[in-house]
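Peer 1: I am attaching a structure below and will ask some questions about it afterwards.
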Amino acid sequence: MRFHPLAPHLLPYKAKYYLEILGFTIPKDSNVLVNIWAIARDPRYREDPLSFLPERFLSFNIDFRGRDFEYLPFGAGKRICPGIPPGLRMVHFVLASIIHSFSWKFPQGITLESLNMKEQFGVTLKKVIPLCAIPFIEEKCSQ
């Protein structure tokens, strides 16, 4: 979700007050875009931000619902993703169903080390070479 979001990672914000941030002056009523893409890759908020380390979130005490601005996968404020409540209810069920129903393998000739994780910019971040997981169902013996 940090590296390949489904929606643009620019969160609109209208300044309610005169602000000064990092030496920049933002007048009241200015429209600004918060660059969530840059926040997700900022080493001030996470160690080794460009590496895929899911275990880092085991001790991560930050809310993903937009209250902590160090992790904003679903946006924040008035424009937060409306799919959070049903998504939270369904994600465990869907993931467990997919994992339980299939055995997974890489496409022929692809290894973990050879995966290309480069991105191309657009309205959303897409992978230059899309990931492809090929499910296969193992034959079960009945005795």
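With the sequence shown counted from 1, adding 26 to any position gets you my numbering.
From the three backbone atoms N, C-alpha and C, an ideal C-beta is built for every residue, glycine too.
Cα separation between Pro133 and Ser56?
Peer 2: Stepping through the sequence shown from its first residue, residue 133 is reached at position 107. Stepping through the sequence shown from its first residue, residue 56 is reached at position 30. If I take the Cα positions, the gap works out to 49 angstroms.
Peer 1: What residues in its chain sit with their C-beta under 7 angstroms from that of Ser168, if we drop five residues either side in the sequence?
Peer 2: Here the question's residue 168 lines up with position 142 in the sequence shown. The predicted position of Ser168 is uncertain, since its pLDDT is 48 and thus under 50; a value taken from the coordinates is nonetheless stated next. The answer is none, since no qualifying residue turns up.
Peer 1: I need the DSSP call for Phe104, collapsed to helix, strand or coil.
Peer 2: As a working note, residue 104 is residue 78 in the sequence shown. The question names Phe, yet the displayed sequence has Lys at residue 104. Helix, per DSSP.
Peer 1: Quickly, what does DSSP pair Pro38 with across the bridge? List them, please.
Peer 2: On the sequence shown, residue 38 is found 12 positions in, with the first residue counted as 1. Leu59.
Peer 1: Helix, strand or coil for Glu73? Go by DSSP, reduced to three states.
Peer 2: One-based indexing of the sequence shown puts residue 73 at position 47. It is coil, neither helix nor strand.
Peer 1: Who are the Cβ neighbours of Arg105 in its own chain at under 8 angstroms, not counting the five residues just before and after it?
Peer 2: Your numbering for residue 105 matches position 79 in the sequence shown. So the list reads Leu37 and Pro38, once near-sequence residues are dropped.
Peer 1: Just the Cα atoms here: how many angstroms apart are Leu157 and Ala64?
Peer 2: Residue numbering aside, residue 157 sits at position 131 when the sequence shown is read from its first letter. Residue numbering aside, residue 64 sits at position 38 when the sequence shown is read from its first letter. Roughly 23 angstroms between the two C-alpha positions.
Peer 1: Whole angstroms are fine: how far does the CA of Val60 sit from the CA of Lys42?
Peer 2: Working through the sequence shown from its first residue, we reach residue 42 at position 16. Working through the sequence shown from its first residue, we reach residue 60 at position 34. About 15 angstroms.
Peer 1: Out of Ile160, Glu145 and Arg72, state which residue places its alpha-carbon closest to the alpha-carbon of Val154.
Peer 2: Residue mapping note: residue 154 aligns to position 128 of the sequence shown, counting from 1. When each option's Cα is compared against that of Val154, the closest is Glu145.
Peer 1: Tell me which same chain residues have a C-beta within less than 6 angstroms of the C-beta of Ile62, skipping the five on either side of it?
Peer 2: Indexing the sequence shown from 1 puts residue 62 at position 36. Closer than 6 angstroms at Cβ, skipping near neighbours: His35, Leu37 and Leu98.
Peer 1: Tell me the rounded alpha-carbon separation between Val58 and Val117.
Peer 2: One-based indexing of the sequence shown puts residue 58 at position 32. One-based indexing of the sequence shown puts residue 117 at position 91. Distance between the alpha carbons of Val58 and Val117: 32 angstroms.
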